[in-house]
Amino acid sequence: MVQTETPEKVVIETIKEERPLLLFLGQDAWNIRGEPDPVLKHTLTHLNKEGTGIKGWPSLIKSETLPHDFFQWLAERFRRRVQPDWLKTIFTLPFSAIFTSSLDPSIKDAFSVEGRYPQVILTGEEIPIVVRSRNRTPIYYLFGRAGQDDENSKPPISAQTLRKRRNTHAIPMLNRLAETVTSMGTVVVEGFNPKNDWLQLDDVLAVIDQMPDKHVIWFGWDENHNLPELKEVEDLAEQGKILLTKTKLSSLVAELNATGKLRDPSQYLLGESSDITFANRKFFAPTPEMRIRVESVASIIDDSWTTFLPPLGDDALYVSFRQFHGDAEGARNLVEGIRRKLAIKRDFEKELFKKVLNASLEHEKYNDPIVLHGQSGTGKSIALSRLVLFLKEKGDVAILYSVSRIPQSTDLSDFCELAENSGASSTVVICDCNAHISRYRELLHQLKSRGRKIVVVGSCYRQIDKALASNKELIEAPTSLSGSERSDLATLLNQFGAVTSSDKISGSSNVLAALYRVLPASRAKFIQGLGCEAQVAEGDIRERGKIRKKQMGHSNLAEQLIAAGLANGQNTLLDQCIDDALENIDDSAGKLIDYVMVPGRINCSVPINLLIRAVSTNSEKIDLNTIARMFSGIDLFRWRRSDQEGEDFLISPRIQLEAALICRRRLVNPLVQGERLVALIEAARLSWDAGGAERRFLIDLIQKFGPDGPEGNYFKNSYLDAARALTNLRQRFSILDPSLMLQESALRRAAIRLNTIEESEQSTILDEARDSIQSAIEHLNKNRYSGSQRTMNNLLVERASIYGFLASNCLKRVCSNDEIWSAYTAARTVAQAAANSISTYYPLDISLWVPADLLDSDALSEQQKIDLRADIHSVLDRIDKDNLEYEQKNQFEIRRLKLGELLKIPNLSDEAFAELDNIGSTAGFFLRARSYGPEVGYNASDDITDNDIEKAKAAVSFLIKNWEKINSDLRCLRYLLQCKWIATTKHYLFRGERQSLPFDNETRRSILEIVQALIATTGDNCDYAFKYLEAVFTWLLGDEGQAKQQWQTLSRETDNNDPRRIYKHHIFTKSDGYPQIFSGRVEREHAQGRWSVNVDELNRRIFMRQADFPEVELAYGRSVSNFTIGFNYIGPIADSLKHIRR
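Residue numbers (UniProt numbering): 1 to 1142.
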């Protein structure tokens, strides 16, 4: 057989010239070295057809008809199969379309990498969005896909339905191949053996005849097929029509990659990227490298998302409707469904769109994420998809959209900056992840700390107690539908023939249950969402109280379950399925079920290596054959990779709600279930965990297992065992992981707080917790890394909590005065260190409850109790309620109620003051100054009055007079600084942005002296605000070099950590408090859009951002004028006068 062209040359030239490359993947592709497809072999065994596997997939359908739900079972077998390396290898090629006779649904998932969004085509009537595309690649399942419920999309179950499927769908779909590849493209055939395939050779040859010469390559050609029809294929090869090669396609691709003849696979997708155009007609295009990095975690909404959609016929539109409501996968498919009007628009979306649009224009006013909350099935995902289109059309914003996970700020920051510099008013990150609100807030604050103009929109399950006026950014998707919504829903369902009577829907109060009945394809998705919601709701209910009330009727959620046939008020269909599934499982296999179901009930997937290790612990012999039979015969589990590149696999329950029911039946009580979780912790081996799957599992497990998890305190009796298991893991394998060491302490402290530890043992447990936290802090100080500051902050708060518990424990054990006071001063010191490093309320709360608890002690003297009250008021002076997030504000209000009478400044007699002074306590000076001065904390008025200013001057005079005695007391120095600021500027310190600064140098020096005394008193854990003030006043007083070093240190320490970092807290003002106007010359560009300007009036250099001055084009040597100077944690920066309130 003579072939002048080689397959290697044709493939390389097709890719290099960016011509269409199509793959035809046969059913025999998984036949390796003569061994049949393992899934087929197992399937034939399951059907009692052993020995026929060598005849391939035609053996599946002979004279007998398969069970009606057989392909649901088969889909699960496909999903459990570990995709072979050869499939991943060939899928690195830039295919423009794929035609396959395989039934494997996981082909789509295997191809969904490197930013690709494949489009599944299941019937002859369906038309792909794009006929050929390397990004949105159509995958034609010629014989349907396992797991589908729709009669037109599911595979055939008999010889008769196979013939019908071939003629009605397979051949019409295959006839599109020539048109798709065009005369310029190339078709590669892999895994097609006519003897072992449902597709007939004549059907394939009919397509090959339409192709130009040498544009079809048949890989894995076997001259020993022993089929007379194949002689015609060899004749075509002789004629030069087709290229035949024994080489497997995967072998060729591997060789090309090894020799460097192929580009990086991710580069194949760059040609189809699109610009991002804003409503103001400005546009930009991310670099290829940036697009690859960002789209690994979120979709970039570029102009391709709103290009023309070809119309669909009635049948194809109906299929799209069913897929959208039952099997819509990926962000693009959701958005496309909205564009095709496959879902109704709910009333709450108007409020959502308005709020997000306002936030995109005034992002600096939104310090909390905008979160859409509601029960499962209320349309949150649909609303967020429609929001994407709304913003694309109406907003001057860049949009990132994630439907699977919350991205890391480091993956998005560069994209956001580029968007801002290109004309975007902000970047809107939409995360449809049903995650806790705090995770969205963390992402928002991290990006804000880097100066990004960012709005974060998320989703979560319904928040009842938190949906109060204090949280204005929560928007609810209600369960019940309005009259207009019911009417719209009835019209939509009638349009697609899902119901025959509009009254059946429009008059029903159980609309979700009705959707369950009329749209079978949506059932699995509905049950999954409902199970997750039920789990979260259970935890919320437990937090509200333990009082058992007589049930007066079913809840809305229960009514929907009953109406859908999932429950009858007594027993559920889930119960019946579980009983059937657990029948006949022996003890060795049952042990493994426990290790999957217990973490599964709190939504933790277990790495398979860790699971097998746990099963093997303390066992002389493990019956692995029994375990294998259990996995292949019981449909209770799901498999997935730990991540896109990971080599480890994770196993989880099919449905979280099922896992909870199984645990209750098999393990009865929380203690036994907790033992299973502790066994999993003990089986972890972080030193062997190359991909990080076991570490991620441990962190996820401990967080959800602990008191802040979805189960609340359900596992409280196992907290100590879990903490000691983590400690043993660390000590035995010398693995120092600060995040896990933090959990060692938190679990021990929770065990004590929940009274699961005897009082006699509590001191020992607290000492263990303190050791683990201190070791973590020391390790982190020596080994800093990106994001470590956030971990350090958590460690500092936990350390403060531990010391607070130690002090309270001394009180319980009736210790001596010296022991109690020593424990308290240690707790006060570490709590102050935490409060100085972290801009949240939590360390301040510790500084309130610890002294409040100790005031009840008879062992403390009156002078010591006065000191405690002074500490309480010093902390209260630091709290600005307007700057607290709503959760922290609620916690403070609860604490304030508990403090009661302690909120009043105690009357201090001259005798008591003198006695405190004699014993060296500065509490008297602080309390007397507080009695002279104004309120500066939570109880301060909004506006400063003349009386407040006079009080502030009196407090300053008193404290300065006693400077030698109070210059190392943090309480007095803080209050002195606050009063000095009020008396000088007539503003509260750090309340609002762009506040005026003292003008005369004498005042500046006196304030700098106070600030430096504060820094010297607090040491290494100094409040960032003090370091900022030190840099500002050092700069104002002329030492530009020293100030620059101070700002560099402050900027590094607060990067990705403190949201206050980029706020312009103050501006350069004149003696009358109005901003000083400056001019200058642009000297150089430090980074894109960030310039250095030499200020003419000061002869000093400051930063200037192009985004802040859009009307001026900054360039080297250009003169700029009419700006003032603002200050933040990064340094002095030019500020536009339009921001200044006159």
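Note that CB positions come from ideal geometry on N, CA and C, so glycine has one too.
### Query
Under 8 Å between the Cβ atoms of threonine 245 and proline 7?
Cβ distance < 8 Å, so threonine 245 and proline 7 count as in contact.
### Query
So, helix, strand or coil for cysteine 604, using DSSP?
Collapsing the DSSP output to three states places cysteine 604 in coil.
### Query
Which stretch, first to last residue, makes up the alpha helix (DSSP H) that contains threonine 1017?
Element bounds for threonine 1017: 1001–1018.
### Query
Using CA coordinates, which residue listed in Ile338, Gly937, Ala751, Lys961 is at the minimum distance from histidine 987?
Among Ile338, Gly937, Ala751, Lys961, the Cα nearest to that of histidine 987 belongs to Gly937.
### Message
I believe leucine 177 touches arginine 145 by the beta-carbon criterion, under 8 Å. Please report the beta-carbon distance rounded to the nearest angstrom.
### Response
That pair is no contact at about 18 Å.
### Message
Across the stretch 1045–1063 and the stretch 1100–1112, are there enough close Cβ pairs to call them in contact, namely three or more that are closer than 8 Å?
### Response
Flag = no, the stretch 1045–1063 and the stretch 1100–1112 do not touch.
### Task
May I ask you to report which of helix, strand or coil DSSP gives aspartate 347?
Correct three-state label for aspartate 347: coil.
### Task
Take every Cβ of the stretch 805–816, pair it with every Cβ of the stretch 1020–1038, and state whether three or more of those distances are shorter than 8 Å.
Cβ pair count under 8 Å is below three, so no.
### Query
If we ignore side chains and look at the alpha-carbon of each, how far apart do asparagine 883 and arginine 77 end up?
About 54 Å.
### Query
Residue ranges of each alpha helix (DSSP H) run of no fewer than 4 residues wholly in the UniProt domain "Novel STAND NTPase 5" (338–460), ordered along the chain?
Listed in chain order, they are 348–361, 380–394, 409–421, 437–449.
### Task
Round the Cβ separation of tyrosine 824 and valine 850 to the nearest angstrom and send it over; I've been treating them as touching at under 8 Å.
With a Cβ gap of about 7 Å, tyrosine 824 and valine 850 count as contacting.
### Message
Our contact map puts isoleucine 1067 next to aspartate 1135 with C-beta atoms below 8 Å; I'd like the distance itself, whole angstroms only.
### Response
Confirmed, about 6 Å.
### Query
Quick one: what's got a C-beta closer than 6 Å to leucine 977's C-beta in the same chain, skipping five residues either side?
Around leucine 977: Ile1010.
### Message
Does the structure place the stretch 960–967 close enough to the stretch 989–1002 that three or more beta carbon pairs sit under 8 Å?
### Response
Fewer than three beta-carbon pairs drawn from the stretch 989–1002 and the stretch 960–967 are found closer than 8 Å, and the two stretches are therefore not classed as touching.
#### Entry: Cβ-based burial, valine 11 [other Cβ within 10 Å; buried from 16]
By the neighbour-count rule (16 or more Cβ atoms within 10 Å), valine 11 is buried.
### Query
Around the Cβ of glutamate 543, are there at least 16 other Cβ atoms within 10 angstroms (buried) or fewer (exposed)?
Here the model assigns glutamate 543 a pLDDT of 42, short of 50, so the residue's position is not dependable and the matter cannot be decided.
### Task
Could you pull out every unbroken beta strand (DSSP E) segment of at least 3 residues lying fully inside the stretch 70–134, listed in chain order?
Entirely contained in the stretch 70–134, the beta strand (DSSP E) runs reaching 3 residues are, in chain order, 97–100, 119–121.
#### Entry: Separation of alanine 723 from leucine 766, as counted between CA atoms
Their Cα atoms are separated by approximately 12 Å.
### Task
Determine the contact status of alanine 1107 and glutamate 362, defining contact as a CB-CB distance below 8 Å.
Taking 8 Å as the Cβ cut-off, alanine 1107 and glutamate 362 do not qualify as a contacting pair.
### Task
State buried or exposed for glutamate 533, treating a residue as buried only when at least 16 other CB atoms are found within 10 Å of its CB.
Unreliable placement is indicated for glutamate 533, whose pLDDT of 43 sits below 50; the coordinate value is still reported in the next sentence. Glutamate 533 sits buried, since 16 or more C-beta atoms from the chains shown fall within 10 Å of its C-beta.
### Query
Would DSSP call serine 839 helix, strand or coil?
Residue state, collapsed to three classes: coil.
### Query
Can you list, in chain order, the residues of its chain whose CB lies under 7 Å from that of asparagine 717, leaving out five sequence neighbours each side?
Here asparagine 717 has Pro670, Leu671, Gly674, Thr756 as same chain residues with Cβ atoms under 7 Å from its own Cβ, once five neighbours each way along the sequence are excluded.
### Message
Suppose contacts are defined by Cβ-Cβ distances below 8 Å. Is leucine 899 in contact with leucine 854 by that definition?
### Response
Not in contact: leucine 899 and leucine 854 (Cβ atoms no closer than 8 Å).
### Query
Can you tell me the Cα-Cα spacing of arginine 640 and alanine 110, whole angstroms?
Arginine 640 and alanine 110 have their C-alpha atoms some 11 Å from each other.
### Task
Pick helix, strand or coil for phenylalanine 958, following the three-state DSSP scheme.
Look at phenylalanine 958 here: in three-state DSSP terms it is helix.
### Task
Determine, using beta-carbon pairs with one atom in the stretch 604–614 and one in the stretch 677–687, whether at least three such pairs fall under 8 Å.
In short, these stretches touch, since the Cβ pair count reaches three.
### Query
Going straight from the alpha carbon of proline 707 to that of serine 801, what length do you get?
Rounded to whole angstroms, proline 707 to serine 801 spans 15 Å at the Cα level.
### Query
Out of curiosity, what's the CA-to-CA distance linking serine 470 and serine 438?
Only weak support exists for where serine 470 lies, its pLDDT of 47 falling under 50; the coordinates are left without a value.
### glutamate 295 to glutamate 289 span [Cα, whole Å]
Cα-Cα distance, rounded: 10 Å.
### Query
If you check the beta carbons only, do alanine 477 and glycine 458 fall under 8 Å apart?
No, these two residues do not count as a Cβ contact at 8 Å.
### Query
How would you call phenylalanine 705, buried or exposed, if buried means at least 16 neighbouring beta carbons within 10 angstroms?
Under the 10 Å beta carbon count, phenylalanine 705 is surrounded by 16 or more other beta carbons and is classified as buried.
### Query
Helix, strand or coil: which one does DSSP assign to serine 921?
Correct three-state label for serine 921: coil.
### Query
Where does alanine 477 fall in DSSP's three states?
The three-state reading of DSSP puts alanine 477 in strand, counting E and B together.
### Query
If we count the other Cβ atoms within 10 Å of its Cβ and call it buried at 16 or more, is histidine 445 buried or exposed?
It counts as buried.
### Query
Which residues in the same chain as phenylalanine 71 place their Cβ atom closer than 6 Å to its Cβ, once the five residues preceding and following it in sequence are excluded?
Apart from the 5 residues on each side of it in sequence, phenylalanine 71 sits with its Cβ closer than 6 Å to the Cβ of Ala146, Lys154, Pro155 in its chain, given in chain order.
### Query
Between which two residues does the alpha helix (DSSP H) carrying isoleucine 217 extend?
Under the DSSP assignment, isoleucine 217 falls outside any alpha helix (DSSP H), being part of the beta strand (DSSP E) whose first and last residues are 216–218.
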